[in-house]
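Residue numbers (UniProt numbering): 1 to 147.
Pasting the structure below:
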């Protein structure tokens with residue numbers, strides 16, 4: 001049986017789910033590299049940049065995969081975006097963490113393009129975020145940690 005990625009409009013509020021969206025600033029959309037660390041509390045609301053911290057500092061979230069949805073044309077709708085994001089994030093999660101999401105003790109969410117950034121900034125990027133479910137923090141990276 002597989003676990004479903006828990007989402008509440010992407011605003012990682014504690015362990016409830018991430019509720020962030022990216023806003024386009026001109027033709028630029030915020031981005032981040034896989035492996036960067038952050039804190040769930042910093043990933044709320046409308047983001048014009050992605051806040052990060054050094055992975056050696058206390059944190060409770062890590063970006064485990066960043067990819068583009070391979071689709072042109074009009075915004076396909078929230079459900080189609082969520083399906084593509086979940087599939088891509090599951091694959092990226094396993095490649096990064098070294099364990100499938102279904103077996104992991106970590107939560108997983110994503111920051112997808114929204115209709116505004118899709119149409120105005122040609123944004124197709126999905127940012128996949130793993131996070132601690134128990135409210136604790138770490139000073140370690142989860143890359144290859146198989147947790």
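Idealized CB from N, CA, C, for every residue including glycine.
Nearest C-alpha to residue 80 among 94, 36, 113: 113. Cβ-Cβ separation between residue 59 and residue 53: approximately 5 Å, consistent with a contact (criterion under 8 Å). Counted as a single uninterrupted DSSP element, the alpha helix (DSSP H) harbouring residue 97 occupies residues 78-97.
Between the beta-carbon of residue 147 and that of residue 106 there is about 6 Å, and that keeps the pair under the 8 Å contact cut. Burial state of residue 117 is buried, judged by a 10 Å Cβ sphere holding 16 or more other Cβ atoms.
Secondary structure of residue 38 (DSSP, three-state): strand.
Linking residue 119 to residue 75 through their CA atoms gives a straight-line distance of about 7 Å. Secondary-structure assignment with DSSP links residue 68 through a beta bridge to 125. Between the C-alpha atoms of residue 145 and residue 98 there is a straight-line separation of about 6 Å. Residue 56 counts as exposed, since fewer than 16 other beta carbons sit within 10 angstroms of its beta carbon. For residue 143, the secondary structure class from DSSP, reduced to helix, strand or coil, is coil. Beta bridge pairing from DSSP links residue 111 with 127. With respect to residue 39, residue 137 sits close: the two C-beta atoms are nearer than 9 Å. Per DSSP, the continuous beta strand (DSSP E) segment holding residue 45 begins and ends at 45-47.
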